[in-house]
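Visitor: Going by the working numbering, the sequence shown wraps up at 401, each residue one higher than the last.
A virtual CB, placed ideally from N, CA and C, is assigned to each residue, including glycine.
I have a structure here, written as structure tokens, and I will follow up with some questions on it.
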Amino acid sequence: MRAQKKVLIITSTFPRSDTDHQVPWLGKLVQSINTSGLEVEVMVPAFKGSRSYSYHGIKVHRFRYAPTSLEFLTHEEGAVFKLRQKPWLYIIALSYIVFGCFEVIRLLRQTRYDVVHVQWPFPNGIFGILARYIGKCRLVLTFHGAGFTLMRRVPFGKKIMHWIISCADVVIANSSFTKKQIVCIKSVPVEIIPFASAVLTQRLELSHSDSNIKRKFFKILFVGRLIERKGLIYLIRAVSKLVKSGKNVKLDIVGDGPLFSSLYKKVVSLDLDENILFHREVGENQLAGYYKSCDLFILPSIVDEWGDTEGLGVVLIEAMNFGKPVIASNVGGIGDIVKDGQNGILVTQKDVQSLVDAIMEIIKHPRRAKQLGGAGRNMIQKHFDWQKIIKRSIDIYYT
């Protein structure tokens, strides 16, 4: 019998209530760890004055770092995007770091933690280092990729990142792509744990009626935040080409974000408002329904102007878990999930014609599409099983 340990999860983003769908996999991870015999608490910044609360029985400590009207550095679009749009937020970021340090010290005075697990270590790793040396805690860092984009924009960012990595007892990456970025900063052992989506890992079996729907149109699905690096504009242009060539396709866009207005205007200007539908807020059951009913899932991600791209591509895992054929850009950590020609199709980023050709391959060859979907589902169940991910995470706390 393992001794019970107290774990503090430090993160920049966490569900703001039991019904909030912000980083759902992290909420599910914390719940699963907490019910395994470990005692878990979460430290996360406030969002517009939000207070500490209990999330499914887990203490969530939210620290204030700015006046309510300015307390929006994290959550929703994420800090990296917001700092790009509003450079003055770097001042708020400094306040975030200072008050985050105060919060760590406050928590250490109250509780003796055995492990501190930091998500998105740049700059949250600073809080973890404080806990490691003041509270004598074991420090675990999990990188998801986004922090490296911010690192390159901050003075002495690489040196700060090197220091953060050097202080860790365990370093985790969500993909081989993220691991390469870590070891380029400092050569350390890195565990790869692909934190898949817990929302849909318990796959809804396709019913006979769902798997044999006969429609007059071919249904494509995109799920994700409406931000530049998702490359959605290229998928919209590809759909436009298909419609102009006489193909009866429909695209469901599930998600919201700062580019909604510009993307919607583009759809209207191309006279595609009957072919492309936006669904900005959906619940878990609705999302499962979209996955279940689509013929093809596409993630047309790109490397954006800041060098930011997909650390992994969790939505691909979700789609493949439903046995759907997938098309994705060959960028970032996507290659850990999609093996071109084996369980999906990889295309060149920003290449509209490449997208069109790949979509036509799926439309013209339904048997091939079904084979790709089946292979994808088998791979996800083997390598991205949620219970295995939980077990590996818990084992790290005890090693």
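Decide if the region 294–310 is in contact with the region 325–343; the criterion is three or more beta carbon pairs, one per stretch, under 8 angstroms apart.
Guide: Judged by Cβ distances under 8 angstroms, the region 294–310 makes contact with the region 325–343, as three or more pairs qualify.
Visitor: Compute the beta-carbon to beta-carbon distance between Ile184 and Lys160, rounded to the nearest angstrom, for a pair I have assumed lies under 8 angstroms.
Guide: Between Lys160 and Ile184 the Cβ distance is about 12 angstroms, and since that is not below 8 angstroms, they are no contact.
Visitor: Between Asn214 and the rest of its own chain, which residues show a CB-CB distance below 7 angstroms, the 5 nearest in sequence each way excluded?
Guide: Reliability of the predicted coordinates at Asn214 is poor, the pLDDT of 46 falling under 50, and the value obtained from them is presented with this limitation in mind. Nothing listed; no residue qualifies.
Visitor: For Pro123, list the residues DSSP reports as bridge partners.
Guide: In DSSP, Pro123 forms no bridge with anything.
Visitor: Enumerate, from N- to C-terminal direction, the unbroken beta strand (DSSP E) stretches of 3 or more residues contained entirely within the region 137–178.
Guide: Within the region 137–178, the complete beta strand (DSSP E) runs of at least 3 residues are 140–145, 172–175.
Visitor: Taking DSSP as the reference, what is the three-state secondary structure of Ile336?
Guide: Reduced to three states, the DSSP call for Ile336 is helix.
Visitor: Closer than 7 angstroms by C-beta to Val340: which residues in its own chain qualify, once you throw out the five before and the five after it? Chain order, please.
Guide: Closer than 7 angstroms at the Cβ level, and outside the excluded window around Val340, lie Leu318, Val328, Ala330, Gly346, Leu348.
Visitor: What first and last residue would you give for the beta strand (DSSP E) that runs through Tyr55?
Guide: Counting along the chain, the beta strand (DSSP E) containing Tyr55 begins and ends at 55–57.
Visitor: Tell me which same chain residues have a C-beta within less than 6 angstroms of the C-beta of Ala170, skipping the five on either side of it?
Guide: Excluding residues within five positions, the ones whose Cβ falls inside 6 angstroms are Leu141, Leu143.
Visitor: If Pro302 sits next to Leu223, beta carbons under 8 angstroms apart, how far is it from one beta carbon to the other, in whole angstroms?
Guide: At roughly 12 angstroms, the Cβ-Cβ gap does not stay under 8 angstroms, so Pro302 and Leu223 are not in contact.
Visitor: Among Ser189, Tyr57, Tyr236, which one has its Cα closest to the Cα of Asp306?
Guide: The option with the nearest alpha carbon to Asp306 is Tyr236.
Visitor: Can you tell me whether Val190 is buried or exposed, with buried defined as 16 or more other CB within 10 angstroms of its CB?
Guide: So Val190 ends up on the exposed side.
Visitor: If you drop the 5 nearest sequence neighbours on each side, which residues of the same chain put their C-beta closer than 8 angstroms to that of His164?
Guide: Cβ within range, chain order: Ile187, Lys188.
Visitor: Which residue's Cα is closest to the Cα of Asp275: Arg239, Asp310, Asn287?
Guide: For the residues Arg239, Asp310, Asn287, the minimum Cα distance to Asp275 belongs to Arg239.
Visitor: What do you reckon, are the CB atoms on Val9 and Val117 nearer than 8 angstroms?
Guide: Yes, the pair counts as a contact, with Cβ atoms nearer than the cut-off.
Visitor: Determine the burial state of Val270: buried for a count of at least 16 other Cβ atoms within 10 Å of its Cβ, exposed for fewer.
Guide: Val270 should be labelled exposed.
Visitor: I'd like to know whether the C-beta atoms of Ile166 and Leu132 end up nearer to each other than 8 angstroms.
Guide: Against a cut-off of 8 angstroms, the Cβ pair of Leu132 and Ile166 comes out as no contact.
Visitor: In angstroms, rounded to a whole number, what distance separates the CA positions of Asn287 and Lys393?
Guide: Roughly 26 angstroms between the two C-alpha positions.
Visitor: To which residues of the same chain is Tyr1 closer than 7 angstroms at the C-beta, ignoring the five residues directly before and after it?
Guide: Residue 1 is absent from the model: the chain starts at 3 and stops at 401.
Visitor: Quick one: what's Asp254 bridged to in DSSP?
Guide: Leu223, Leu279, per the DSSP bridge assignment.
Visitor: From Gly378 to Leu314, what distance separates their C-alpha atoms?
Guide: Cα-Cα distance, rounded: 15 angstroms.
Visitor: Please identify the residue among Asn323, Lys88, Val46 whose C-alpha is closest to the C-alpha of Gly127.
Guide: That would be Val46, whose Cα lies nearest to the Cα of Gly127.
Visitor: Pull up the distance between the alpha-carbon of Leu323 and that of Gln344, whole angstroms please.
Guide: Correcting the residue identity first, residue 323 is Asn in this sequence and not Leu. Taking the straight line from one Cα to the other gives about 15 angstroms.
Visitor: Which first and last residues belong to the beta strand (DSSP E) in which Pro47 is found?
Guide: Taken as a continuous stretch (DSSP letters only), the beta strand (DSSP E) holding Pro47 covers 41–47.
Visitor: In three-state terms, what does DSSP make of Thr203?
Guide: Residue confidence is low: Thr203 scores 46 on pLDDT, short of 50, so the model does not pin down where it sits. Its coordinate-derived value is still stated next. Thr203 falls in the coil class under three-state DSSP.
Visitor: Tell me the residue span of the alpha helix (DSSP H) that contains Arg370.
Guide: Where Arg370 is concerned, the enclosing alpha helix (DSSP H) stretches over 368–385.
Visitor: Taking Cβ to Cβ, would you say Gly337 is nearer than 8 angstroms to Thr180?
Guide: Their beta carbons are not under 8 angstroms apart, which means Gly337 does not touch Thr180 by this criterion.
Visitor: Are Phe124 and Leu152 close, meaning C-beta to C-beta below 8 angstroms?
Guide: It is a contact, given that the beta carbons lie within the stated cut-off.
Visitor: Mind the definition here: the region 63–76 touches the region 85–99 only if three or more C-beta pairs lie below 8 angstroms; say whether that holds.
Guide: Yes, since at least three Cβ pairs between the region 63–76 and the region 85–99 fall closer than 8 angstroms, the two stretches touch.
Visitor: Let me confirm a value: Arg134 is counted as buried when at least 16 other C-beta atoms fall within 10 Å, else exposed. Which label applies?
Guide: With 16 or more Cβ atoms within 10 Å of its Cβ, Arg134 is classed as buried.
Visitor: Buried or exposed: which applies to Lys1, given that a residue is buried once 16 or more other Cβ atoms fall within 10 Å of its Cβ?
Guide: With the chain covering only 3 through 401, there is no way to say anything about residue 1.
Visitor: Name the DSSP bridge partner or partners of Leu301?
Guide: Note: Leu301 sits in a beta bridge opposite Ala330.
Visitor: Do you know how far the Cα of Lys243 is from the Cα of His385?
Guide: Taking the straight line joining both Cα atoms gives about 36 angstroms.
Visitor: Quick one: what's Asp342 bridged to in DSSP?
Guide: Gly346, per the DSSP bridge assignment.
Visitor: Candidates Asn36, Gly51, Arg64: which alpha carbon is nearest His58's?
Guide: Ranking Asn36, Gly51, Arg64 by Cα distance to His58 puts Asn36 first.
Visitor: According to DSSP, which residues form a beta bridge with Val317?
Guide: DSSP, once it has assigned bridges, lists no residue as partnering Val317.
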